[in-house]
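Below is one structure, written out as structure tokens; the observations come after it.
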Amino acid sequence: LGGTGLGDVLARATGGCLVYRRRAGAPGVGEAEGLKCPRAVAVAVDLKAYSTRAMLSQLGDKIKEAGAKALAEFSRNPSFEAFLELARRFSKEVGFLTGSMEEAAGGMRGLLGFYAKKGVAVFVVEEEWTEDAVAAASSLGAARAFKLIDRRIELRPRAP
């Protein structure tokens with residue numbers, strides 16, 4: 004990881020709802036692809052804070068192993084649906100996904116997928132089921148809905 008933030012610039016310049024890098028680097032060096040998303044909403048619930056240092060100390064090996072496996076599988080079939088399934092599987096293997104999250108997901112109509120990452124549970128639902136999903140996810144904490152959109156920024160040379 005370079006830590007320069009230029010990978011983020013590449014992703015934003017590539018555009019799409021879900022962007023993944025094929026080759027690391029800044030725009031012009033790296034390579035990324037943007038995938039379109041269905042008309043969907045991500046319902047997020049902030050969970051207990053978990054410091055990155057503690058997480059890596061306790062789960063670093065599991066994260067590397069499960070992450071490498073998920074990334075390899077995703078690269079064979081890069082799609083929004085594959086991302087959601089692999090993210091859920093990764094969350095479960097690492098230990099982020101809890102029974103209460105699975106229970107909340109079980110009651111959601113229009114659920115496309117769900118996963119947990121450091122300190123956040125995410126449920127992706129068809130747009131028309133947003134209110135129901137927020138209500139179901141609220142059993143875990145304060146739930147917020149975010150519409151998934153395809154967006155791209157344009158990089159233009161500065162005028163002289």
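In our numbering, the protein residues as written are 4 to 163.
For each residue, glycine too, the CB sits at the ideal point set by N, CA and C.
According to DSSP, simplified to helix, strand and coil, what is residue i?
i	result
residue 126	strand
residue 13	helix
residue 117	strand
residue 92	helix
residue 38	strand
residue 100	coil
residue 19	strand
Can you give me the Cβ contacts of residue i inside the same chain, cut-off strictly under 7 Å, excluding the 5 residues immediately before and after it?
i	result
residue 56	none
residue 86	21, 77
residue 4	In this prediction, residue 4 scores a pLDDT of 48, lower than 50, which makes its location untrustworthy; the coordinate-derived value is nonetheless stated afterwards. Same-chain partners within the cutoff: there are none.
residue 2	This structure cannot settle anything about residue 2, because the visible part of the chain is limited to 4 through 163.
Strictly by DSSP, which residues pair up with residue i?
i	result
residue 49	123
residue 149	45
residue 59	Residue 59 pairs with nothing; no bridge assigned.
residue 24	35
Could you name the residues of the same chain whose beta carbon sits closer than 8 Å to that of residue i, not counting the 5 residues immediately before and after it, in chain order?
i	result
residue 123	47, 48, 49, 50
residue 36	17, 19, 22, 23, 25, 81
residue 91	100, 116, 117, 118
Would you report the Cα separation of residue i and residue j, rounded to the nearest angstrom?
i	j	result
residue 12	residue 27	11 Å
residue 125	residue 52	15 Å
residue 61	residue 120	15 Å
residue 137	residue 79	33 Å
Which residues in the same chain as residue i place their Cβ atom closer than 6 Å to its Cβ, once the five residues preceding and following it in sequence are excluded?
i	result
residue 65	97
Would you be able to state if there are at least three C-beta pairs under 8 Å between the stretch 86 to 104 and the stretch 57 to 77? yes
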